[in-house]
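*Asks:*
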Amino acid sequence: MLQIDAKILMNEEIAPERYRMALSAQEIARQARPGQFIHVRVSEGYTPLLRRPFSVHRVQGQKIELLYKVMGKGTEILSKKKRGEYLDILGPLGKGYRLPSATLKGSDIILVAGGTGVASLKFLAESILLGHPELSILVLIGAKNKEQLLCERDFRRLGCRVKVATENGTRGYKGLASGLLEKCLPLSGDSPNPLVFACGPTEMLRRIGEISRRHRLPCQVSLEEHLACGIGACFGCVVKAKSSTYTYKRVCKDGPVFDAGELIWE
Amino acid sequence: MIRKAKEKSPNLAIELAGISLKNPVMVASGTFGYGEEYAELIDLNRLGAIVTKTITLKPRLGNEPPRIVETASGILNSIGLQNVGIDAFINEKLPFLREFAVPLIVSIAGETLDEYVELAKTLRGEEISGLELNLSCPNIKYDRKLMFAQDPQATHQVVSSVRKATSLPLIVKLSPNVTDIASIARTCEEAGADGISLINTFLGMAIDVESREPMLRQITGGLSGPAIKPIALRMVYEVHKVVEIPIIGVGGIMAARDALEFIIAGAKAIAIGTGNFVDPRTPIKVIDGIREYMIKNKIKDIKSMVGSLKCPKGSL
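Residue numbers (my numbering), protein chains in the order written: chain A, 650 to 915; chain B, 2 to 317.
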């Protein structure tokens, strides 16, 4: 974990209100694993006061990339930052996707992305293929409409199979990415037990957890939550998880990636 | 310009309730965990003191989420004192914190008077520098509805009972959610407190107008951050006029100038809370900023600034 002033190398609108930002952050780039995030101070002043968390979307040499949607004041300020400006960032933070080599071997992988949840999954796909080029990855991308579908081409370029879902049916499956997953299961082919990795809105993740449980598929989900400290000190971002009764785990430190089976969805 | 070697650098050291601090900048309870996370980002040895996240007798799960919401220049929280409990704290958290050459003040909270006493007794013999009694957490429900710090009689009882149970320096953290903070502070002094932390969070709330639901699961929570600084400052000023024991100013300190305001108003030390979330380097920046201010204004000793407010003639 480091705190640095990172130079902005690029900040471009790639779809309506969706931006891709590249930062020069050598040491964070070296340490970052898929599913981890950085915590960005978007304003020197007190509006907004807190940092904003963003998944690492891609690592390339000394560069890290973020993919974000303008949601409120923080991301709006971020979207106006120019190349050459500096951002105070903390990272890499949190526990990312777990990729035990033994489980990966011979498995098919399914990545399910809702909206900008696609951000961390691209980094994941690149990492998996780097270590296991033989694996077959199916990517399911969901968005409200076809204009908001992100990264479809990027995944195809990596050699992944891609299917898309739009809520209004303007492209692909009509409905949520979770519905598309349901439709794709069980996978035809020789891998009966694909691993599922999902990132997106909480309700979508809850459904994907449920579908995976029914099909007995190991499933990891990356949660999106409002964070204060981002490093595990304040206990503000907790999620309910199973123990003998229940416990609260920190999204920022114990997550953001959890086994779907360990969470108590409410 | 190079300063002459014989010119002494300003003295930031203070003595607080019998504890020697190398500078008056502390980190506030609940915003710094048990130091483990921040140790990766800043040099803990530079801090004046560390106040740990509040410990209770038994582990606490804390409140149901959502627990935090950002408001204008502030944060509302209802964490509910999630913590590992005193035994795990002593066994698992304290050894790490002891590795640093920084006074350690352990914040404790009980739901009853007896729990406070029990906690103080349990910590007897541990290598810590002092206790902070958290009488003012707005996020745990007490049988009596009020926080201890909202009831002068209950405050007196807790402070005097804990006083008998420990020889450690005793700091009391008070709630701003009262009519007369000065009289509660005086009560603490009479009951044997060695110092007063001013202030804990203000009760507040936020509502999602689309769903008409409260933003926090507990409906209300404690407000912190720059939004509360002027009120915290006023309370330090009021209390400084009526007590002899030292005051630790807390509330929205983000920069050295904020800290200096508290010191001028009467705080002998200050603590950074929400500022740690915004920038983990805040305490270090505040220490450096205070030193720069002192050099610039030729102030040799920080103690000379405590309570140095210049009020217009004729004002009270």
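For glycine and all other residues, C-beta sits at the position ideal for the given N, C-alpha and C.
(1) Should Gly881 (chain A) and Pro702 (chain A) be called a contact, given that it needs their Cβ atoms to be closer than 7 Å?
(2) Can you pull out the residues from the stretch 255-283 of chain B whose beta carbon lies closer than 9 Å to at least one beta carbon of chain A?
(3) Can the beta-carbon of Gly81 (chain B) be found less than 7 Å from the beta-carbon of Asn140 (chain B)?
(4) Report buried or exposed for Glu915 (chain A), applying the criterion of at least 16 other Cβ atoms within 10 angstroms of its Cβ.
(5) Could you say if the stretch 17-27 of chain B and the stretch 35-49 of chain B meet the contact criterion of at least three C-beta pairs nearer than 8 Å?
(6) Going by other Cβ atoms of all chains shown within 10 Å of its Cβ, with 16 needed for buried, is Arg632 (chain A) buried or exposed?
(7) So is Leu799 (chain A) in contact with chain B if we call contact Cβ pairs under 7 Å?
(8) Strictly below 8 Å CB to CB, what residues from chain A border Gly63 (chain B)?
(9) Is it buried or exposed for Gly126 (chain B), if we count other Cβ within 10 angstroms and need 16 for buried?
(10) Of the choices A:Glu874, A:His706 and A:Ala792, whose alpha-carbon is the least far from that of Lys902 (chain A)?
(11) Among B:Gly315, B:Ser305 and B:Lys301, which has the Cα closest to the Cα of Lys9 (chain B)?
(12) Out of curiosity, what's the CA-to-CA distance linking Asn660 (chain A) and Ser728 (chain A)?
(13) By the DSSP assignment, the alpha helix (DSSP H) with Asn64 (chain B) in it spans what residues?
(14) So within the stretch 206-249 of chain B, which uninterrupted alpha helix (DSSP H) runs reach at least 4 residues, ignoring any that extend past its ends?
(15) Can you find a CB in chain B that lies within less than 7 Å of the CB of Tyr717 (chain A)?
(16) Using DSSP's beta-bridge definition, name the partner residues of Asp654 (chain A).
(17) Look at the Cβ atom of Gly276 (chain B), then the Cβ atom of Met255 (chain B), and state whether they are nearer than 7 Å.
(18) According to DSSP, is Tyr895 (chain A) helix, strand or coil?
(19) Where do the N-terminal and C-terminal ends of the alpha helix (DSSP H) with Cys833 (chain A) fall, by residue?
(20) Among A:His706, A:Leu787 and A:Cys883, whose alpha-carbon lies nearest the alpha-carbon of Gly808 (chain A)?
(21) Please report the residue range of the beta strand (DSSP E) in which Cys848 (chain A) lies.
(22) Please give the ranges of any beta strand (DSSP E) in the stretch 118-206 of chain B, keeping only runs that are unbroken, at least 3 residues long and fully inside the region.
(23) Find out if the Cβ-Cβ distance for the pair Thr819 (chain A), Asn794 (chain A) is shorter than 7 Å.
(24) How long is the line joining the alpha carbons of Ser692 (chain A) and Glu112 (chain B), rounded to whole angstroms?
(25) Is Ser108 (chain B) close to chain A? Criterion is C-beta to C-beta, closer than 7 Å.
(26) Beta-carbon within less than 8 Å of Pro867 (chain A)'s beta-carbon, same chain only, minus the 5 sequence neighbours each way: which residues are those?
(27) Going along chain A, which residues have a C-beta under 9 Å from Phe97 (chain B)?
(28) Along the chain, where does the alpha helix (DSSP H) containing Met853 (chain A) start, and where does it finish?
(29) Between A:Lys744, A:Val708, A:Ile759 and A:Gln680, which has its C-alpha nearest Val811 (chain A)'s C-alpha?
(30) Against chain B, does Ile880 (chain A) count as a neighbour if the rule is that its beta carbon must be under 7 Å from one of theirs?
(31) Indicate the three-state DSSP secondary structure (helix, strand or coil) for Arg258 (chain B) in the structure shown.
(32) Do you know offhand how far Gly131 (chain B)'s Cα is from Arg164 (chain B)'s?
(33) Using the rule of at least 16 other Cβ atoms within 10 Å of the residue's Cβ for burial, across every protein chain shown, is Ile106 (chain B) buried or exposed?
(34) Mind checking if Gly111 (chain B) is an interface residue toward chain A, Cβ cutoff 7 Å exclusive?
(35) Is there a C-beta anywhere in chain B that falls below 7 Å from the one on Met720 (chain A)?
(36) Kindly indicate the opening and closing residues of the alpha helix (DSSP H) around Asp289 (chain B).
*Replies:* A quick look at the data gives this:
(1) The count along the first sequence starts at 1 and reaches residue 881 (chain A) at position 232. The count along the first sequence starts at 1 and reaches residue 702 (chain A) at position 53. Cβ atoms of Gly881 (chain A) and Pro702 (chain A): not closer than 7 Å.
(2) Met255, Thr275, Asn277, Phe278, Val279, Asp280, Pro281 and Arg282
(3) For the purposes of this step, residue 81 (chain B) is taken as residue 80 along the second sequence, with counting starting at 1. For the purposes of this step, residue 140 (chain B) is taken as residue 139 along the second sequence, with counting starting at 1. Yes. Within cutoff.
(4) Residue numbering aside, residue 915 (chain A) sits at position 266 when the first sequence is read from its first letter. An exposed status is given to Glu915 (chain A), since fewer than 16 other beta-carbon atoms sit within 10 Å of its beta-carbon.
(5) yes
(6) As shown, chain A starts at 650 and ends at 915. That puts residue 632 (chain A) outside it, with no answer to give.
(7) As a working note, residue 799 (chain A) is residue 150 in the first sequence. Chain B contact via Cβ: absent.
(8) Here residue 63 (chain B) corresponds to residue number 62 of the second sequence, with the count starting at 1. In chain order: Phe884, Val887 and Tyr897.
(9) As a first step, residue 126 (chain B) is located in the second sequence; it is residue number 125 there, counting from the start. So Gly126 (chain B) counts as exposed.
(10) Residue 902 (chain A) sits at position 253 when you count from the first residue of the first sequence. When only C-alpha atoms are compared, the closest one is A:Glu874.
(11) Taking the first residue of the second sequence as 1, we reach residue 9 (chain B) at position 8. When only C-alpha atoms are compared, the closest one is B:Lys301.
(12) Counting from 1 along the first sequence, the entry for residue 660 (chain A) is found at position 11. Counting from 1 along the first sequence, the entry for residue 728 (chain A) is found at position 79. C-alpha separation (whole angstroms): 7 Å.
(13) Your numbering for residue 64 (chain B) matches position 63 in the second sequence. Premise fails: Asn64 (chain B) is in no alpha helix (DSSP H) and is neither H nor E.
(14) Segments of the alpha helix (DSSP H) lying fully in the stretch 206-249 of chain B: 230-241.
(15) Within the first sequence, residue 717 (chain A) is the residue found at index 68, counting from 1. No, Tyr717 (chain A) does not count as interfacial toward chain B.
(16) Sequence index remark: in the first sequence, residue 654 (chain A) carries index 5 (1-based). A:Asp737.
(17) On the second sequence, position 275 is the one that residue 276 (chain B) refers to. On the second sequence, position 254 is the one that residue 255 (chain B) refers to. Between Gly276 (chain B) and Met255 (chain B), the C-beta gap is smaller than 7 Å, which places the two residues in contact.
(18) Here residue 895 (chain A) corresponds to residue number 246 of the first sequence, with the count starting at 1. Here Tyr895 (chain A) sits in strand by DSSP.
(19) Here residue 833 (chain A) refers to the residue found at position 184 when the first sequence is read from its first residue. Unbroken alpha helix (DSSP H) run through Cys833 (chain A): Ala826 to Cys833.
(20) Against the first sequence, residue 808 (chain A) aligns to sequence position 159. Nearest option by C-alpha distance: A:Leu787.
(21) As a first step, residue 848 (chain A) is located in the first sequence; it is residue number 199 there, counting from the start. Run containing Cys848 (chain A): Leu844 to Cys848, per the beta strand (DSSP E) assignment.
(22) 131-135, 171-174, 196-199 and 203-206
(23) For the purposes of this step, residue 819 (chain A) is taken as the residue at position 170 of the first sequence. For the purposes of this step, residue 794 (chain A) is taken as the residue at position 145 of the first sequence. Yes, the pair counts as a contact, with Cβ atoms nearer than the cut-off.
(24) Here residue 692 (chain A) corresponds to residue number 43 of the first sequence, with the count starting at 1. Here residue 112 (chain B) corresponds to residue number 111 of the second sequence, with the count starting at 1. The alpha-carbon atoms of Ser692 (chain A) and Glu112 (chain B) are separated by roughly 40 Å.
(25) If you number the second sequence from 1, residue 108 (chain B) lands on position 107. Not closer than 7 Å to any Cβ of chain A, the Cβ of Ser108 (chain B) fails to qualify, so no.
(26) One-based indexing of the first sequence puts residue 867 (chain A) at position 218. Here the set comprises Thr752, Asn842, Leu844, Val845, Ser861 and Asp908.
(27) Translated into the one-based positions of the second sequence, residue 97 (chain B) becomes position 96. What Phe97 (chain B) touches in chain A: nothing, since even the nearest Cβ is about 13 Å away.
(28) Counting from 1 along the first sequence, the entry for residue 853 (chain A) is found at position 204. Boundaries of the alpha helix (DSSP H) around Met853 (chain A): Thr851 to Arg863.
(29) Here residue 811 (chain A) corresponds to residue number 162 of the first sequence, with the count starting at 1. Checking every option, the nearest Cα to that of Val811 (chain A) belongs to A:Ile759.
(30) Sequence index remark: in the first sequence, residue 880 (chain A) carries index 231 (1-based). Yes, contact with chain B.
(31) Locating residue 258 (chain B) in the second sequence gives position 257, where the first residue counts as 1. Three-state result, Arg258 (chain B): helix.
(32) Taking the first residue of the second sequence as position 1, residue 131 (chain B) is located at position 130. Taking the first residue of the second sequence as position 1, residue 164 (chain B) is located at position 163. Between Gly131 (chain B) and Arg164 (chain B), the C-alpha separation is close to 12 Å.
(33) Position 105 of the second sequence holds residue 106 (chain B). Ile106 (chain B) comes out buried.
(34) For the purposes of this step, residue 111 (chain B) is taken as the residue at position 110 of the second sequence. At a cut-off of 7 Å between beta-carbon atoms, Gly111 (chain B) makes no contact with chain A.
(35) Within the first sequence, numbered from 1, the residue matching residue 720 (chain A) stands at position 71. For Met720 (chain A), the nearest beta carbon of chain B is not closer than 7 Å to its own beta carbon.
(36) Translated into the one-based positions of the second sequence, residue 289 (chain B) becomes position 288. Note, Asp289 (chain B): alpha helix (DSSP H), Thr283 to Lys297.
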